[in-house]
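Residue numbers (our numbering): 248 to 592.
Here a beta-carbon is modelled for each residue, glycine too, at the ideal position from N, C-alpha and C.
Since we're looking at a predicted model, the values are computed, not measured.
Structure below.
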């Protein structure tokens with residue numbers, strides 16, 4: 248077989264295979280840009296400050312990626328279908344705080360597994376409300392979830408509580424401290440990668456499986472490509488919307504209860520303002536804001552990029568206000584890149 252042409256059984260020449268190009272890689276795998284940025288930042292910072300590569304820093308990055316990663320997976324699934332959700336932090340706050348109050352006041356002996364499942368189910372139910380509203384009101388999901396964001400938080404603060412819970416039920420605190428990997432650093436400090444870190448790769452695998460190995464995954468990308476055509480092909484938009492937002496709500500509820508256990512306190516005002524960073528992570532991972540494209544791997548790379556950027560800015564002593572400037576700049580650059588890529592198609 249020659250390098251440029253092959254002959255079929257009838258002697259006809261097959262077309263030459265296109266040579267590999269960087270542009271083709273970026274077109275097919277837009278998350279490769281995110282990966283390159285992540286590697287470049289890590290290399291530059293490691294050269295300037297070798298402390299960045301210490302195990303404690305890397306474990307801090309892994310720990311900080313869990314909650315944002317769970318949020319991002321839910322946002323990505325909705326974004327793949329051409330929608331957008333900004334209520335996930337309100338769902339997380341509602342699930343985590345109401346569950347903490349319930350356990351502390353009425354069910355102090357409830358096993359941690361049941362607590363996590365109930366918070367996840369509660370988040371799913373709130374997400375299903377979003378999905379039903381999006382489908383039946385026939386208005387953009389952004390408008391619906393802005394409204395439900397205020398609705399969920401308002402209900403939480405008005406009827407459940409506004410007081411910080413500084414002393415968690417013992418089983419929740421123990422889960423937040425449970426080690427997956429634990430060792431001493433050179434200076435004697437105890438470094439711990441928590442057990443709850445495993446939740447992120449498991450959730451990522453489940454999300455990948457749904458999107459790539461099930462009929463629902465095909466329906467999600469079909470709706471993201473063109474909802475009218477998907478409907479004519481027989482996909483139920485109602486089922487897709489309910490599943491999308493229910494799944495994202497479940498991940499938000501799971502993220503919320505992990506956030507409480509990790510921080511060992513329940514604050515009903517927590518997580519406000521993190522929506523933009525999460526959406527930025529998904530977009531930086533290669534998902535198009537108009538839907539139909541994206542990968543789970545790209546989403547996780549986008550989360551890592553945002554977390555690493557924030558860690559680097561903290562490491563070099565840059566104020567938190569500048570962190571928003573950097574993240575905003577990356578959003579604009581990513582948007583410009585993907586718009587340019589779409590026009591070239």
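Assignment of residue 333 by DSSP, reduced to helix, strand and coil, places it in the coil class. Contact check for residue 415 and residue 513: beta-carbon distance about 7 Å, within the 8 Å limit, so the pair qualifies. Annotated three-state conformation of residue 563 is coil, per DSSP. Nearest to residue 318 by C-alpha distance, out of 288, 551, 296, is 551. Listed in chain order, the non-local C-beta contacts of residue 333 below 8 Å within the same chain comprise 389, 392, 393, 396, 522, 526, local neighbours out to five positions each way being set aside. In this chain, residue 301 is not harboured by any alpha helix (DSSP H), its DSSP state being neither H nor E. Check the Cα spacing between residue 321 and each of 474, 356, 510, 529: the tightest is with 529.
Note that the C-beta distance between residue 350 and residue 419 is below 9 Å. DSSP, reduced to helix, strand and coil, places residue 462 within a helical segment of the structure shown.
Closest option to residue 452, judged by alpha-carbon separation, among 354, 498, 484: 498.
Between the beta-carbon of residue 442 and that of residue 417 there is about 16 Å, and that puts the pair past the 8 Å contact cut.
Rounded to the nearest angstrom, the Cβ distance from residue 509 to residue 303 is 16 Å, too far for a contact under 8 Å.
Judged by beta-carbon spacing, residue 423 lies beyond the 9 Å limit of residue 348, meaning their Cβ atoms are not closer than that value. DSSP, reduced to helix, strand and coil, places residue 512 outside both helices and strands of the structure shown, so it counts as coil. Bridge partners of residue 278 according to DSSP: none are assigned. Scanning its chain for C-beta atoms nearer than 7 Å, with the 5 sequence neighbours on each side dropped, one finds around residue 557 the residues 570, in chain order. Per the coordinates, the alpha-carbon of residue 293 lies some 6 Å from the alpha-carbon of residue 299. Residue 385 and residue 355 have their C-alpha atoms roughly 43 Å apart.
In its chain, beyond the 5 residues on either side, 288, 292, 299 have a beta carbon closer than 8 Å to the beta carbon of residue 559. Put simply, of 380, 338, 353, 383 the residue whose alpha carbon is nearest the alpha carbon of residue 366 is 338. Residue 426 is bridged by DSSP to 441.
Residues 418, 422 of the same chain have their beta carbon placed closer than 6 Å to that of residue 359, with the five preceding and five following residues left out of the count.
Per DSSP, residue 483 is not a residue of any alpha helix (DSSP H), being assigned neither H nor E.
Only residues of its own chain outside the window of five on either side were considered, and among them 485, 488 have a CB closer than 6 Å to the CB of residue 382, listed in chain order.
For the pair residue 539 and residue 281, the CB atoms are not nearer than the 9 Å cut-off. DSSP places residue 536 outside both helix and strand once states are collapsed to three, so it counts as coil.
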